[in-house]
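Visitor: In this text, residue positions in the sequence shown follow the numbering used here: the first is 15, and each later residue adds one.
In this text, a Cβ means the ideal position worked out from N, Cα and C, and glycines have one as well.
Have a look at this one before I ask anything.
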Amino acid sequence: MAPAAPPPPHSGGLLALIPGTPGLLTVAALGIALLLVLITKARLQPFVALLVVSLAVGLAAGLSVTELLGTVQKSDAVSLVETGMGGILGHIALIIGLGTLLGAILEASGGAEVLSSRLLRRFGERRAPLAMGLTGLLFGIPVFFDVGIFVLAPLVHAAAKRSGASLLLYCMPLLAGLSMTHAFLPPHPGPVAAAGLFKVDLGWVILMGAVCGLPAVLAAWGYAAWIGRRLFVPVPQDMLAAAEEARAAVAAEKAADGGADGGAPREEPVSLATVLTVIGTPLLLILLATFSSIALAPSAGRSVIEFAGHPFVALTIALLLAYYLLGVRRGWSRTSLEAVSTASLKPVGNILLVVGAGGVFGAVLKGSGVATALSGVFQGLGLPVIVLAYLLALVLRVAQGSATVAIVTTAGIVLPLVEGRGMPQASLALVITAISAGSVFASHVNDGGFWMVAKYFGISERDTLASWTVLESVLSLAGFAVAALVSLVV
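The structure is reproduced here in C-alpha cells:
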C-alpha cells in the first residue's frame, strides 16, 4: 500500500529544510529521541517532557503558534494543546477518579487482607503462591499498582516467614496479577486513555484485556514458580519489624480512642462476598451494556442496561455500594469516608496530567501531519497494525520506563493507522491490548516500579532483574501472543 500523502506543508519549521514526508519523519524521530532524553537523562517529569516535545514537534513541523496555542484573545478557534488535553481528559478523568475512590475504600476497609486471608485458607500452605497471585489479580482491578504493593507486601512477608521458602515464591505471583490488571484492564489509566483515543467501548477493552491478560498471567505465574524455587530471597527483617511496630501502634490508637472519627474502623472484618461484589459490579455492568447493543433490539430495557453500564454510572454505583457495604454499614462516620476519599485523590493529579500531555502529543502529531507520514511508512512495512503497535509500545517502555507514557504515546502514533479503516470494536480493543502488552516489557532500572519491587521486598538489584524484569517480559510476550492469535479470528 502506498504511503498516505502528507497534508499541505506549513510555513517555516524543519520542513523548510527537508520537504514532504522525509521532513515529517525526521521530526517524528527527533521528537521521540528528545522525549526519551528528557525523561531518562534530564530526569524531567514525564508531564513536562511530553509538553515540551509536543511544542517542539509542532514548531519543527511548521505549525504556527496560533495553531498550537491559540490566541491571546481566546477566539472560537481551539488550539491543538487544548484539543489534545481536553479530548482525552474529558473521557478518562471521571473514570480514573471514581476508580481511585473505589480502590481506596477497599484498601482502607481491610478488603485486601480479607481477600488474601480467605484465599490462603482455601488453597492451603502448598498453594499459597497461587492464593497470592489471585489476590493480586482481583485486588489489582480497582487499585493502582503501587498501592497494591504497599497494602499487600506485609501479607507476602508473613506468608514467606511462615513457610521459610523464598520470598519470590509469594511476591512474584502477586506482582504478576497487579501488573496485568494495571496494564490491561480499566479503570486503570493506560487502557482507559487508549480506549478514549481509539473511541472503543470499555466493555470491549475489558473483554479483550481479560481474554489476553489471563493466559499471560498464568504464564507469568509459571515463571514465578520456577524462579522462586531456584533463587532464594529471605524476608527482610526490617520490614517484619516495621510491620510489628505498625500493628502495635494501631492497636494502641484503637485502645485510646475506640476508633473515633478520623480513622477507618476495622473491628468487624468485611466478608469475601462483599469484596467480590464491589469489585465485580462495575465490570459486569459495563460488559452487559456493551453487548446489549448486539443482543437486544432497541427498547426501554436496553436503554436502562446501557445507562447503568456507562463507565461513569457503573463506577458511581460501585462506589456508592462500597461506601455503604464497607463503610456506613460497618460504623464508619461521614468524616472517615471523606478523609479516606480525599486522601486517595492526591496522587491522581500526576497521572491525569501525564495522560493529558500524552493526548496533546497525539493531537500535535495528527495536526502537523507527522502521524500521517508515520502511518504511511508503517503501512509500507507490510506488518499488521497489531504487531507495529506492540513493538512501538515495547521500545518506548524499555527506553523510558513508564508503562502509562508508553501506552498514551503509542496510541497517539498508531491512531492514524486505524482511523477510517472501519475496524470493528473488537479488533480495535485487541490493538489496545497489544499496546498494553508492549508497555510492560522488561521493567528495569529506569522504571519506578522496578525500584518499588526491589525495596519493598528487600530484593537485590541483580535478583530483581532475574525475577521481576523477566516476569514482566513473560507477561508481555504471552499477552501479545494471545492478542495476535485472537486477532486472526476476530
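1. Beta-carbon separation of Ile-110 and Met-466 under 9 Å?
2. Which of helix, strand or coil does DSSP assign to Val-13?
3. Smallest Cα separation from Thr-149: which of Ala-122, Tyr-184, Val-206, Ala-497?
4. Using the rule of at least 16 other Cβ atoms within 10 Å of the residue's Cβ for burial, across every protein chain shown, is Ser-78 buried or exposed?
5. When DSSP labels each residue in this structure, what does Asp-160 get in the three-state scheme?
6. Quick check: Ala-230 and Val-219, are their CB atoms within less than 9 Å of each other?
7. Quick check: the Cα distance between Val-391 and Met-146, rounded to an integer number of angstroms?
8. So, at 8 Å on beta carbons, what are the nonlocal neighbours of Val-128 in its own chain, with the 5 sequence-adjacent residues on each side left out?
9. Can you tell me where the alpha helix (DSSP H) with Ala-107 in it begins and where it stops?
10. At which residue ranges does the region 282-351 contain complete beta strand (DSSP E) runs of 3 or more residues, listed in the order of the chain?
11. By the 10 Å Cβ neighbour count, where 16 or more other Cβ atoms means buried, how is Glu-352 classified, buried or exposed?
12. From which residue to which residue does the alpha helix (DSSP H) around His-196 run?
13. Going by DSSP in three states, Glu-433 sits in which element: helix, strand or coil?
14. Is it buried or exposed for Ser-416, if we count other Cβ within 10 angstroms and need 16 for buried?
15. Anyone know if the C-beta pair for Pro-205 and Val-369 falls short of 9 Å?
16. Are there 16 or more other CB atoms within 10 angstroms of the CB of Asp-271, so buried, or fewer, so exposed?
17. Output needed for Phe-455: all residues of its chain with C-beta closer than 6 Å, excluding positions within five of it in sequence on either side, in chain order.
18. Leu-333 to Ser-317, Cα distance in whole Å?
19. Is it buried or exposed for Val-264, if we count other Cβ within 10 angstroms and need 16 for buried?
20. Pull up the CB-CB distance for Gly-210 and Ile-102, whole angstroms please, since I reckon it's below 8 Å.
21. If distances are taken between C-alpha atoms only, which option among Ser-123, Leu-52, Ala-75, Pro-248 comes closest to Arg-343?
22. Rounded to whole angstroms, what's the CA-CA distance from Asp-275 to Tyr-337? Just pull it up for me.
23. For Ala-278, collect the residues of the same chain with a Cβ closer than 7 Å to its Cβ; drop the 5 residues on either side in sequence, then sort them by chain order.
24. What separation, rounded to the nearest whole angstrom, lies between the Cα atoms of Leu-52 and Leu-64?
25. Does any residue of chain D bring its CB to less than 9 Å from the CB of Leu-221?
26. Would you call the region 470-480 and the region 439-455 in contact, with 3 or more CB pairs under 8 Å?
27. Report the rounded CA-to-CA distance for Leu-429 versus Phe-212, giving the unit in angstroms.
28. Asp-215: which of Gly-236, Gly-294, Val-170, Gly-323 sits nearest, CA to CA?
29. Which same chain residues, not among the five before or five after Leu-6, have their C-beta less than 6 Å away from its C-beta?
30. From the DSSP output, in three-state form, read off Leu-211 for me.
31. Return the CA-CA distance between Leu-115 and Gly-372, expressed in angstroms with no decimal places.
32. Does Arg-261 pass the burial test, meaning 16 or more other C-beta atoms within 10 Å, or should it be called exposed?
33. Drop a sphere of 10 angstroms on the beta-carbon of Val-432, count the other beta-carbons inside from all chains shown, and report buried for 16 or more, exposed for fewer.
34. Smallest Cα separation from Thr-195: which of Arg-348, Pro-398, Thr-447?
Guide: The relevant details are as follows:
1. Counting from 1 along the sequence shown, the entry for residue 110 is found at position 96. Counting from 1 along the sequence shown, the entry for residue 466 is found at position 452. No, the Cβ-Cβ distance between Ile-110 and Met-466 is not below 9 Å.
2. Residue 13 is absent from the structure shown; the chain starts at 15 and stops at 504.
3. Here the question's residue 149 lines up with position 135 in the sequence shown. Of the listed residues, the one whose Cα sits closest to Thr-149 is Tyr-184.
4. As a position in the sequence shown, residue 78 is number 64, starting the count at 1. The residue in question, Ser-78, is exposed, as its Cβ has fewer than 16 Cβ neighbours within 10 Å.
5. Counted from its first residue, the sequence shown places residue 160 at position 146. Looking at Asp-160 - three-state DSSP - the assignment turns out to be helix.
6. Here residue 230 is taken as the residue at index 216 of the sequence shown, counted from 1. Here residue 219 is taken as the residue at index 205 of the sequence shown, counted from 1. Not in contact: Ala-230 and Val-219 (Cβ atoms no closer than 9 Å).
7. Against the sequence shown, residue 391 aligns to sequence position 377. Against the sequence shown, residue 146 aligns to sequence position 132. For Val-391 and Met-146, the distance between alpha carbons rounds to 45 Å.
8. Reading the sequence shown from its first residue, position 114 is the one you call residue 128. Hits under 8 Å: Pro-283, Val-284, Ser-285, Leu-286, Val-289.
9. Along the sequence shown, one-based indexing puts residue 107 at 93. Here the alpha helix (DSSP H) through Ala-107 covers 94-122.
10. none
11. Here residue 352 corresponds to residue number 338 of the sequence shown, with the count starting at 1. It is exposed - the Cβ of Glu-352 has fewer than 16 other Cβ atoms within 10 Å.
12. What you label residue 196 is simply residue 182 of the sequence shown in a count that begins at 1. Start and end: 182-198.
13. On the sequence shown, position 419 is the one that residue 433 refers to. Three-state result, Glu-433: coil.
14. Working through the sequence shown from its first residue, we reach residue 416 at position 402. It is buried - the Cβ of Ser-416 has at least 16 other Cβ atoms within 10 Å.
15. Counted from its first residue, the sequence shown places residue 205 at position 191. Counted from its first residue, the sequence shown places residue 369 at position 355. In this structure, Val-369 does not lie closer than 9 Å to Pro-205 by Cβ.
16. Along the sequence shown, one-based indexing puts residue 271 at 257. Here the model assigns Asp-271 a pLDDT of 48, short of 50, so the residue's position is not dependable and the matter cannot be decided.
17. As a position in the sequence shown, residue 455 is number 441, starting the count at 1. So the list reads Leu-408, Arg-411, Ser-487, Ser-490, once near-sequence residues are dropped.
18. Sequence index remark: in the sequence shown, residue 333 carries index 319 (1-based). Sequence index remark: in the sequence shown, residue 317 carries index 303 (1-based). The straight-line gap from Cα to Cα measures roughly 22 Å.
19. Taking the first residue of the sequence shown as position 1, residue 264 is located at position 250. Low local confidence applies: a pLDDT of 43 at Val-264 is under 50, so the model's placement there is unreliable, with the coordinate-based value given in what follows. The residue in question, Val-264, is exposed, as its Cβ has fewer than 16 Cβ neighbours within 10 Å.
20. On the sequence shown, position 196 is the one that residue 210 refers to. On the sequence shown, position 88 is the one that residue 102 refers to. The Cβ separation is near 5 Å, so the contact holds.
21. Looking up residue 343 in the sequence shown gives position 329. Cα-wise, what sits closest to Arg-343 is Ser-123.
22. Here the question's residue 275 lines up with position 261 in the sequence shown. Here the question's residue 337 lines up with position 323 in the sequence shown. Its pLDDT being 44, under 50, Asp-275 is placed unreliably in this model, and the value from its coordinates should be taken loosely. Cα to Cα, Asp-275 sits roughly 16 Å from Tyr-337.
23. Start at 1 with the first residue of the sequence shown, and residue 278 comes out as number 264. Note on Ala-278: pLDDT 45, under 50, position unreliable in the model; no value is reported.
24. By one-based count along the sequence shown, residue 52 stands at place 38. By one-based count along the sequence shown, residue 64 stands at place 50. Spanning the two alpha carbons is a distance of roughly 9 Å.
25. Protein chains in the displayed structure number just one, and chain D is not present.
26. no
27. On the sequence shown, residue 429 is found 415 positions in, with the first residue counted as 1. On the sequence shown, residue 212 is found 198 positions in, with the first residue counted as 1. Rounded to the nearest angstrom, the two C-alpha atoms are 7 Å apart.
28. Within the sequence shown, residue 215 is the residue found at index 201, counting from 1. Of the candidates Gly-236, Gly-294, Val-170, Gly-323, the one whose C-alpha sits nearest the C-alpha of Asp-215 is Gly-323.
29. Residue 6 is absent from the structure shown; the chain starts at 15 and stops at 504.
30. Counted from its first residue, the sequence shown places residue 211 at position 197. Of the three classes helix, strand and coil, the one that applies to Leu-211 here is helix, per DSSP.
31. For this step, residue 115 is matched to residue 101 along the sequence shown. For this step, residue 372 is matched to residue 358 along the sequence shown. The straight-line gap from Cα to Cα measures roughly 24 Å.
32. Residue numbering aside, residue 261 sits at position 247 when the sequence shown is read from its first letter. With a pLDDT of 49 at Arg-261, under the threshold of 50, the modelled position of that residue is not reliable, and the figure given next carries that caveat. When all chains shown are included, Arg-261 counts as exposed.
33. In the sequence shown, the residue the question calls residue 432 occupies position 418. That one is buried.
34. Taking the first residue of the sequence shown as position 1, residue 195 is located at position 181. Checked all of Arg-348, Pro-398, Thr-447; the closest Cα to Thr-195 is Thr-447.
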